[in-house]
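> One structure is given below, represented as structure tokens, and several questions about it will come after.
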Amino acid sequence: MKRRFWFGKAVMILVFCTAFIMLFSFIVMSLWNGILPDVLGVKQITFWQALGILVLSKILFSGFGGFAHKKEQFRNRFRQKMIAKWEKMTPEEKQQFKDEWKTRCRGGWRGGPFNDRDFPTHEPEAENK
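If you're matching positions, the sequence shown starts at 1 in UniProt numbering and goes up one per residue.
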């Protein structure tokens, strides 16, 4: 029973993905043929050429970044938020934050996602005065 359910679900996903790609290719073909021949004087394209344009644009503009690419974007966004929070903290709050994470990680800051270079405990402006 379970195997049949998953097989049916996989078939439905395949059908919907194929239908979506075909619909999107038809939209690209219609827009191309409706606008560009009159504006730029280019030839009309077929459905398969529209599909090829979609694949080419995906390769050129999005690359092949799958989950790893999205994971890296999430890490960078999280890191920027943490740095912004860190800059707004008072020195006492910074020390309390570091002490709390040292106890949570049990290994200190070595090899963790944050280190002293990213979050200095002293203010650089105070040294220049």
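Here a beta-carbon is modelled for each residue, glycine too, at the ideal position from N, C-alpha and C.
My understanding is that residue 42 touches residue 36, with C-beta atoms under 8 Å, so please give their C-beta distance in whole angstroms.
Here residue 42 really is in contact with residue 36; their C-beta atoms are around 5 Å apart, less than 8 Å.
> Residue 25: buried (16+ other C-beta within 10 angstroms of its C-beta) or exposed?
Answer is buried; the Cβ neighbour count reaches 16.
> Going by beta carbon distance, what residues of the same chain come within less than 7 Å of residue 54, once the five residues before and after it are set aside?
24, 25, 28
> Should residue 108 be labelled buried (16 or more other beta-carbon atoms within 10 Å of its own) or exposed?
Residue placement at residue 108 cannot be trusted, given a pLDDT of 48 that sits under 50; what the coordinates show is reported in the next sentence. Exposed, by the Cβ-count rule.
> For residue 103, does the three-state DSSP call read helix, strand or coil?
helix
> Does DSSP classify residue 39 as helix, strand or coil?
helix
> Where does residue 18 fall in DSSP's three states?
helix
> Helix, strand or coil for residue 95 per DSSP?
helix
> Give the range of the alpha helix (DSSP H) segment to which residue 49 is assigned.
Membership of residue 49 in the alpha helix (DSSP H) is indicated by the continuous run 47-57.
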